Amino acid sequence: MDAEVKETKRMSPLKKAASVNEFGILIALIVLCVVLGLANPVFFTFGNAMNVLRQITLVAIMAVGEAFIIITGGIDLSVGSTMTLSGIMMAFFVASGVDPTAALVLTLGVGLLCGLCNSLLIVKLNLNAFITTLATMNIIKGFAYLVTGGLPIKFDSYINFIGNGTIGGADGVPVSVIIMFAVIIVGHILLNRTVFGKKVFAVGGNERSAKLSGIRTERVKYTVYSIAGALCALAGAICVCNLSIADNSSGSGMEMDVIAAVVIGGASLSGGKGSIVGVLIGAAIMGVLKNGFVLLKFSTYWQMITLGAVIIVAVVLDGIRNRKI
Amino acid sequence: MDAEVKETKRMSPLKKAASVNEFGILIALIVLCVVLGLANPVFFTFGNAMNVLRQITLVAIMAVGEAFIIITGGIDLSVGSTMTLSGIMMAFFVASGVDPTAALVLTLGVGLLCGLCNSLLIVKLNLNAFITTLATMNIIKGFAYLVTGGLPIKFDSYINFIGNGTIGGADGVPVSVIIMFAVIIVGHILLNRTVFGKKVFAVGGNERSAKLSGIRTERVKYTVYSIAGALCALAGAICVCNLSIADNSSGSGMEMDVIAAVVIGGASLSGGKGSIVGVLIGAAIMGVLKNGFVLLKFSTYWQMITLGAVIIVAVVLDGIRNRKI
Amino acid sequence: GCAAQTASEPSASTEASAETSASASAEESASSEANAPEDVEMVPVDSEYARVDMVNKEPEKPLRLAFLSLQNNAFFDLVAQGAELGKQLMAEHNVTVDYIVMGDTMDAQTVNTAMDAAIVQQYDGIIVTPFSVGTEAYIDKAVDAGIPVITLYGESTEPSKRMLFIGQDAYSAGKIVGEYVADKYPEGGKYGIVTGVFGVEVFEGRNSGFKDGLAKNGAKWEEVGIMESGDSADKVYSITKDYLTANPDLKAVYVSSGGNYGASKAIEEKGLSDQVISAGHDEVPDNLEYVADGQMVVISQDTMGVAVSSLIYMYNYLVGGVEPESDVIPSNSFMIDKDNVSDYL
Amino acid sequence: MDQDMLIELKNVSKHFPGVKALQDVNLQVKKGEVHAILGENGAGKSTIMNIMFGTYPQTEGKIFWKGKEVRFRTPLDAQNMGIGMVHQENSLFPFLDVQNNIFMGHYPASGAMIKRDEVKRKTVELLEELHLEHIRPGTTVADLGMADKQLIEIAKALSQHPDFIMFDEPTAALTNKETAILMDIIRDLKQKGVGIVYVSHRLNEIFKLADTVTILRDGQHVVTGPVGDFDNDKVVQYMVGRQLDDQMHSLKKNAKHGPEDKTILEVRSLSKKGAFEDVSFELKKGEVLGFAGLVGAGRSEILEAIFGYEPADSGEIFVEGKKMNMVHPQVATEAGLGLIPEERKVKGLFLELSVRDNINIATIRECKTGTLVNRKKEIERAEQSVKQLNIKTPTVEKAIINLSGGNQQKAILSRWLLAKPKILMLDEPTHGIDVGAKAEIYSIIDNLTKEGVSVILVSSELPELLLLSDRIAIMYHGKMTGIVERSELNDDAQEVIMRYATGQG
Ligand SMILES: Nc1ncnc2c1ncn2[C@@H]1O[C@H](COP(=O)(O)OP(=O)(O)OP(=O)(O)O)[C@@H](O)[C@H]1O
Ligand SMILES: Nc1ncnc2c1ncn2[C@@H]1O[C@H](COP(=O)(O)OP(=O)(O)OP(=O)(O)O)[C@@H](O)[C@H]1O
Ligand SMILES: [Mg+2]
Ligand SMILES: [Mg+2]
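Protein chains in written order, with my numbering: chain A, 1009 to 1333; chain B, 1009 to 1333; chain C, 9 to 353; chain D, 1031 to 1535.
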């Protein structure tokens, strides 16, 4: 958390940097970038950087929500399905004549509702989050299928710019990347600078203590799952707007990438620990890797082995820093 | 745990049953079976029962190992990859002229080694199990590709009976099902009746306390991950022997089924709690469901929605029982 | 067995399948005419996998082509072999071909990531195996950036600006398989489907094509289920067992995913090889063995030929300005059964 | 060398990041000796014992066991040599039952298989030997009360029949009755020639039991000598390094001021199935209402019900005459209540979070400027609390898990002091708190009442209750058996209370 900033006031700049929570994985990311840049200079072009950023948007946006959940000690495996369903609903609304802006708002509502249902099940029935969201992952996917019957829905409207628009000419900064950064910044402030954020850490740190400190732990849970659901919907909307089509497979399997981004970013799956900036770095590491695989023409097996190895190196670096304190 | 058995000596038989840990999900399974049997009498035929049992063998065998890991408070996402690699190595060994029996032993060694590597990373580098095995999942899968180059390897030898043999005629009991029950029984005894089993519970219940009780917690971890790895290899061997072919996709995605079986079976992902009999029931619930989808001709989306709903009902039933205590 | 059939009209509307039964053989359909400008000479290529002539002209400057493919099963191994042959051919003409593995999952995200990276690297042409819906925007992006794109094997029904598609339309291919089964069992009967992943367009297309194909002779067919295998042969095996147990009078199992041999294995074990047919896709070696045993039929898609030819089409366009004769060129699709399998082994 | 010498520490130091927990400490324990180690919270008592138990290695120095130098790599090494320890923090396995907790790590087994009958038989024997027949071997530990957990912890250590055993504040969670049982056990061990290290903040126990006393201050050795050389004042003086004016007595003599005649809290026939029944009482403004009772009498549960943590089934609660529906601690907090729970690790602390977060969590709203939380304010408030309660921590950013038990308790206390409650409920607030800190807490309670804050004090230490309370309510088996009024709080009160508390009232 931001706590350490204070402690480091008297330190040298290097030590200061090293004591930031995200230092380890940041180093991993930088080393990775340098290696890739040396191997293929294209990596450092503006265009490629934008590509990487745009590619991580969906994962990063969803991972912000997942981070909140994981910090409370929960988990959400249904993020991918929620993204799929939301994207489909967005296209479905517009196809049914709803105004695209209204459809976007409705879509966020759909995502929020999915998240809320998850948290209601978890809180009211006192269920384990992992297994509950594993179940709802299937249920939500089923509903998405129910809406489309398995066929893709075309999506073309003025709102598509949130997915495929750019600012500063065709080769400028993608709107979706700007949205991602906005989400990261708002998420960071929410987590570290607001009362709500403190409560999130408290619930994950020790739920009973949190309750005895006067925190409505259930409400905190409802809120984080709902936020996460809405962010999945945002990701779904961006995806659909970018591809101009909504289909049933867009979000499938994403949950693992999302959780990996959060955990590589320094969160603990037992709760009480995590960072939004870390989420961005975690997502970026994976994005840069995938980009690098293509630039360096890795074969599948080396892609897999490298991905695994880099994840381990990143968390080892993260661990070294944590042990120092 | 077995402790309760003692205490229940004076209870009525019904209460006694209700106080068994696995009661809730057992009820869920029974209800499910009755409903399916009523809807389609084929369900209750011997042949169909054998189908269901054989279908859950792989998941159940791997889930026994996963249960040990989860009870120590860990998790292993690489079980599917380990199964794939092991199956491929088995075929590879035999193709390279190794005697099939020796190849089977070597294969178990390969799985064990994968598990051991996981635990070494987790223990020695003090890493989070989720993220470590997410990484090794990719690495192991990569190695599997490296061995085959993506091509399936034919496998045909006298040892194939462990996968496709039956006892008591062609329509008898599959050998693989017998192996599964053997694994379940040995696993159950190991977990509940041996010193090692108690250590497993202790490590997951409170690792610090376990250390203070003189338990070498790292060794317990090495052992459970190695056991799990070897069981994945066994599953891989059975799969290859059954299909007479080893390919790269056999175990992919299995980790979720395996973890779901363990958790539906009453284990807590925070460790210290779990049961091997529960694992069997958990795997059976999912197996029966999938079988039921075929028997009752469920449409695609209802398959997903029903699967999710049944999982939730199963854990709710499990929860009701637990709250009673 | 039944006559070999060609799948045409890929990516066209679903009604187009009526014309798909034109007979052809691999040899006949090779070396098709391209619309060459007057001054460009077209010469045959010395390769059994070339399905088109090549312009007799060398490029003015070295060219770089990207061949974007996936790698997760034996099918893509055939693709890689074809691309390698093409690469050698191109190397003789001062063209470098980069064979790039996009990843191991068949989804839009993976393809789009790779397209982006290829665009940034300013290849002169991109050949890609998109399969999924949702890749069109990125194909258009490449074309808008001045890079011609050829898509192979499978693409969605959504339009894009790609210059050419070579391959099978999922629907048509499924339909051919369905018609084959319909001809084999004129009296109709029960069938089960094993699909890869619910909601993925290739599988959905193949499945609906198969169902429509079955209707060919007007016989009554009853579907007993459609289940998801995730490409795992073990799951295909389990699902087939369930189908057979619940429906002892089953006639066909259609596997639109990978892992077909799981179905044949289950049928064989039940001792129903004479009664039940397992039908699926792709001429990969593990399938062909079962085909040879008479336990399976598959539809081929001339995998290596498509890969080699795509590079020639791209060369013709870039060097000679020769555009393909059509923006959709069906691959040579044949039903392979035990009668003609010897041609492929 | 001395034949009777069991363990000897020579110039042992232990450094944690940012903390020198022990510096150059020497210690010797002989057979049949009860060696008390005293010191303030954070003095290094637990650390020195943990080093002798192999929990972690010393940074410097040597350990000799029966004359031979040893290095413990893990607690197993120490246990194999015959060293046992009762830990300060609960070190049981909550999901396992009593018998498995006791024999974890040293099961009677044939081969790999546990001899289950023997485990059970030995558990029953052990529990009988320790007069703990009320605990059943098959009960899951999570279902036991705190005192019983502590007793199981002791039974566990004794089940290995060690030659040398260390007790780290074993009586902190016990009431007089169990404490007496423990005293007997220790005397018995001493008879058998077992060497004992005993740590407690209850000085009267030390004077009853100990042969030798060692005092630590800030990780440094201060003095060692036979117990006869010390008296209460001297011990305290060595511990805190200065003269403590006898606050306990000054409290009683001067500071006591009567509560106002305004009822601030009224509880009417509060009941909760399985915990307590028909409990009614009133609390006046500025009053300290003590709650006495034996372990498991239901006092904690009453506090938790009033606070809305585990709401009661029936009954009414009035705060300043207004009927309150205490469904959640948040409601109680807003009504001006505060609760410091008894099991601090389980219900009080956020172990991985910083001291700052732990202190501010209940009043985080007050750290806001605009919509955002102001970190400066947080730090300011935390640092102020650290100073006020003399909490030993290098910085307020330290994760609270690294603080000694007593200092953790003070942090929780300051959490609620910041909330400025009208009614503060304290459940065993001096658990594991050293004499100096105790005195500080007493004077804090006293000051609070002067400011008109009302206090409910649950404590198992009768002297503490008698010292601080205006009235004392006594619980027995979930029922309130009597209230001793202020006027009756004379020298006989102790006996009266014990009578009520054992159900003879
Ligand atoms: N694991 C640890 N990491 C960092 N610091 C620690 C650790 N354990 C103890 N300390 C520090 O070492 C010092 C001594 O702690 P110790 O627990 O030995 O005190 P104690 O005398 O037992 O106090 P108490 O009476 O409160 O239990 C304290 O300042 C504490 O903060
Ligand atoms: N988690 C629990 N599960 C079951 N029973 C419990 C639990 N906690 C406490 N009890 C029981 O509830 C009763 C009241 O316990 P409580 O802790 O309120 O007593 P107390 O008077 O505060 O005693 P103590 O001095 O130990 O704090 C006891 O019988 C105790 O064993
Ligand atoms: Mg201590
Ligand atoms: Mg209590």
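Even glycine gets a Cβ: it sits at the ideal position worked out from N, Cα and C.
From a predicted model like this one, the values you see are computed outputs, not experimental measurements.
Query	Result
Let me check you understand the geometry: is the CB of D:Q1118 closer than 6 angstroms to at least one non-hydrogen atom of ligand 3?	yes
Would you decide whether A:Q1063 is buried or exposed? Buried here means 16 or more other CB atoms lie within 10 Å of its CB.	buried
With hydrogens ignored, establish whether the beta-carbon of D:G1436 is closer than 6 angstroms to any heavy atom of ligand 5.	Ligand 5 is not part of the structure shown, which contains ligand 1, ligand 2, ligand 3 and ligand 4 as its ligands.
To which residues of the same chain is D:L1495 closer than 6 angstroms at the C-beta, ignoring the five residues directly before and after it?	G1320, A1322, S1489 and I1502
Using a Cβ-Cβ distance under 7 angstroms, would C:T121 count as near chain A?	yes
Using the Cα positions of D:G1508 and B:L1135, report the straight-line distance between them to the nearest angstrom.	47 angstroms
If you drop the 5 nearest sequence neighbours on each side, which residues of the same chain put their C-beta closer than 8 angstroms to that of D:I1421?	V1385, S1415, L1433, N1437, K1440, A1441 and S1444
Roughly how far, in whole angstroms, is the beta-carbon of A:A1245 from the beta-carbon of A:G1095, given that I think they are within contact range, below 8 angstroms?	6 angstroms
Measure the beta-carbon distance from A:Y1230 to A:L1142 and round it to whole angstroms, keeping in mind my assumption that it falls under 8 angstroms.	Not confirmed; about 20 angstroms, so no contact.
Less than 8 angstroms between the CB atoms is what I'm expecting for B:L1297 and B:L1325, so what's the real figure, rounded?	B:L1297 to B:L1325, Cβ: 15 angstroms. No contact.
Go ahead and pull the three-state DSSP assignment for C:R72.	strand
Does any CB atom of chain B fall closer than 7 angstroms to the CB of C:Q79?	yes
Does the pairing of the stretch 1073–1081 of chain B with the stretch 1219–1238 of chain B give three or more beta-carbon distances under 8 angstroms?	yes
Cβ of D:Q1033 within 7 angstroms of Cβ of D:G1114?	no
Runs of 3 residues minimum, wholly inside the stretch 47–95 of chain C: which ones carry the beta strand (DSSP E) assignment?	71–77
Quick one: what's got a C-beta closer than 6 angstroms to A:D1265's C-beta in the same chain, skipping five residues either side?	V1067
Of all the beta strand (DSSP E) runs that stay within the bounds of the stretch 1181–1247 of chain A, which reach a length of 3 or more residues?	none
What residues in the stretch 1245–1276 of chain B bring their beta carbon closer than 8 angstroms to a beta carbon of chain A?	M1264, I1267, A1268, V1271, I1272 and S1276
Of all the beta strand (DSSP E) runs that stay within the bounds of the stretch 1452–1508 of chain D, which reach a length of 3 or more residues?	1453–1457, 1484–1488 and 1501–1506
Secondary structure at D:G993, three-state DSSP: helix, strand or coil?	One cannot answer for residue 993 of chain D here, as it falls past the ends of chain D, which runs 1031 to 1535.
For B:F1101, which residues from the same chain have a beta carbon less than 8 angstroms from its beta carbon, with the 5 sequence-adjacent residues on both sides left out?	A1110, A1111, L1114 and T1115
State the CB to CB distance for the pair A:A1322 and A:I1033, rounded to an integer number of angstroms; the pair is presumed to be in contact (CB under 8 angstroms).	5 angstroms
Taking only heavy atoms of ligand 3 into account, decide whether any of them is closer than 6 angstroms to the Cβ of D:K1375.	no
Less than 7 angstroms between the beta carbons of D:A1187 and D:L1204, yes or no?	no
With a cut-off of 7 angstroms, does the C-beta of A:G1150 fall near any C-beta of chain B?	yes
D:K1040 by DSSP, collapsed to three states: which one?	strand
Which one or two residues does DSSP pair with C:L172 in a beta bridge?	C:I158
What separation, rounded to the nearest whole angstrom, lies between the Cα atoms of D:L1141 and B:F1204?	Correcting the residue type first, residue 1141 of chain D is Gly in the shown sequence and not Leu. Approximately 11 angstroms between the Cα atoms of the pair.
Measuring alpha carbon to alpha carbon, tell me which of D:Y1339, D:I1475, D:L1448 and D:L1122 ends up nearest D:P1459.	D:I1475
Is it the case that the stretch 1460–1471 of chain D contacts the stretch 1245–1257 of chain D, given that we only count it when at least three CB pairs across the two stretches are under 8 angstroms?	no
Please state if the CB of C:T104 and the CB of C:V136 are separated by a distance shorter than 7 angstroms.	no
Just list the alpha helix (DSSP H) runs in the stretch 1113–1151 of chain A, keeping only unbroken ones of 4 residues or longer that don't cross its boundaries, in chain order.	none
Only counting the same chain, and skipping five residues up and downstream in sequence, which positions put a Cβ closer than 8 angstroms to that of B:V1208?	F1076, I1079, T1080, L1199, V1228 and V1232
Over the uninterrupted alpha helix (DSSP H) stretch that includes D:R1405, give me the two end residues.	R1405 to Q1418
Does the distance from the C-beta atom of C:A254 to that of B:V1050 stay below 7 angstroms?	yes
Would a C-beta distance cut-off of 7 angstroms place D:V1357 and D:P1341 closer than the cut-off?	yes
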